[in-house]
Amino acid sequence: MTVLPILYQDEHIVAINKPAGMLVHRSWLDKHESVFVMQTLRDQIGQLVYPVHRLDRPTSGVLLMALDSQTAHTLSLQFERHDVQKTYWAVLRGHLPECGRIDYPLKPRLDKIADKFASNDKPAQDAITDYRCLATTEQPFVSCQRFLTSRYSLGELTPITGRKHQLRRHMKHIFHPIVGDTTYGDKVQNRAITANLGVQRLLLHARTLSFEHPVSGNQMCITAPIDEQFGQVMQRFGWRQWR
Numbered sequence: 000m001t002v003l004p005i006l007y008q009d010e011h012i013v014a015i016n017k018p019a020g021m022l023v024h025r026s027w028l029d030k031h032e033s034v035f036v037m038q039t040l041r042d043q044i045g046q047l048v049y050p051v052h053r054l055d056r057p058t059s060g061v062l063l064m065a066l067d068s069q070t071a072h073t074l075s076l077q078f079e080r081h082d083v084q085k086t087y088w089a090v091l092r093g094h095l096p097e098c099g100r101i102d103y104p105l106k107p108r109l110d111k112i113a114d115k116f117a118s119n120d121k122p123a124q125d126a127i128t129d130y131r132c133l134a135t136t137e138q139p140f141v142s143c144q145r146f147l148t149s150r151y152s153l154g155e156l157t158p159i160t161g162r163k164h165q166l167r168r169h170m171k172h173i174f175h176p177i178v179g180d181t182t183y184g185d186k187v188q189n190r191a192i193t194a195n196l197g198v199q200r201l202l203l204h205a206r207t208l209s210f211e212h213p214v215s216g217n218q219m220c221i222t223a224p225i226d227e228q229f230g231q232v233m234q235r236f237g238w239r240q241w242r
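So that you can map any letter, position 215 of the sequence shown is 214 in numbering that gives the first Met the number 0, and since no number is skipped, the others follow by simple counting.
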């Protein structure tokens, strides 16, 4: 039985550290899946939970849920008004600049099944991501035939807007794709990481979530520790101080 790590819980909200590869809720797009965050957490704590935001299936980290519908509504409004601050850790190809902002509009991503009848002509939407380089490394293995070594960065990413796959698309846009990204990433780099470190997951982790408590009004900041595979990469790359 899957037990989800609870980062914070009171009578109104609960925050967990979502495992990479786990769906938040049941979807007819993934009919073969039988384990979901919402059902697992409901059974674990013995009460209904209400989602107020989401994380992509391959992303790990802080996931917040409400324990009643009114609290869910209040929190959802915070997310809609962009009053919630989120930071992510990502392992990126190449050496990232010290810091910067990506202001690059993104066209809505349509699902071939769920958005079958939606228009493909929707204009690009504003999308902004701030980034900061936390650490870099140069590893003694080949991931590109032009070079004898491979360079990587640990980046802290802060989405200012919340577009679908925003972080993954923005990092691809500046030529520093997230390692392990099978949709927007560098497949050669992904294979090199798997071959040399044995890691196959998307190396994107929702590190912190800061928001106003919907009842007390207190400022909350919840931090999620990285999992074993992410930690394995951090250890190998000499980034132990950031674990």
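Ideal Cβ positions, reconstructed from N, Cα and C, are used throughout, including at glycine.
- The beta carbon of residue 91 is closer than 8 Å to those of 151, 152, 153, 154, 170, 175, 176, 177, 178 in its chain, skipping five residues each way along the sequence.
- By the neighbour-count definition (other C-beta atoms within 10 Å, threshold 16), residue 52 is a buried residue.
- Going by beta carbons, residue 63 and residue 54 fall outside the 8 Å limit.
- By the CB criterion at 8 Å, residue 203 and residue 126 fall outside the cutoff.
- Residue 96 and residue 68 have their alpha carbons spaced roughly 43 Å apart.
- Only residues of its own chain outside the window of five on either side were considered, and among them 14, 15, 16, 61, 221, 222, 223 have a CB closer than 8 Å to the CB of residue 6, listed in chain order.
- Judged by their CB atoms, residue 228 and residue 206 are not nearer to each other than the 8 Å cut-off.
- Here the alpha carbon of residue 43 sits roughly 30 Å from the alpha carbon of residue 82.
- The beta carbon of residue 232 sits closer than 7 Å to the beta carbons of 90, 196, 198, 202 from its chain, once the five residues preceding and following it are set aside; these are given in chain order.
- When secondary structure is reduced to three states using DSSP, residue 167 falls in the helix class.
- Relative to residue 73, the option among 138, 160, 11, 147 whose CA is nearest is 11.
- Residue burial annotation: residue 158 is buried, with at least 16 other C-beta atoms found within 10 angstroms of its C-beta.
- For residue 79, the closest C-alpha among the options 140, 211, 187, 161 is that of 161.
- When rounded, the separation of the alpha-carbon atoms in residue 65 and residue 18 is 19 Å.
- Distance from the CA of residue 165 to the CA of residue 40, rounded to the nearest whole angstrom, comes to 27 Å.
- The beta-bridge partner set that DSSP reports for residue 100 consists of 129.
- One Cα belongs to residue 37, the other to residue 107, and the distance between them is close to 26 Å.
- Residue 180 counts as buried, since at least 16 other C-beta atoms from the protein chains shown sit within 10 angstroms of its C-beta.
- From the listed residues 142, 194, 123, 213, the smallest Cα separation to residue 187 is found for 142.
- Excluding five sequence positions before and after residue 236, the CB atoms of its chain that fall closer than 6 Å to its own CB belong to 136, given in chain order.
- Under a 10 Å Cβ-count criterion, residue 168 is classified as buried, with 16 or more other Cβ atoms of the shown protein chains found around its own Cβ.
- Boundaries of the alpha helix (DSSP H) harbouring residue 74: 68-79, taken from the DSSP string.
- Here residue 159 carries a coil assignment [DSSP, helix/strand/coil].
- In terms of Cα proximity to residue 23, the closest of 50, 46, 9 is 50.
- Annotation for residue 60: the continuous beta strand (DSSP E) segment containing it runs 59-65.
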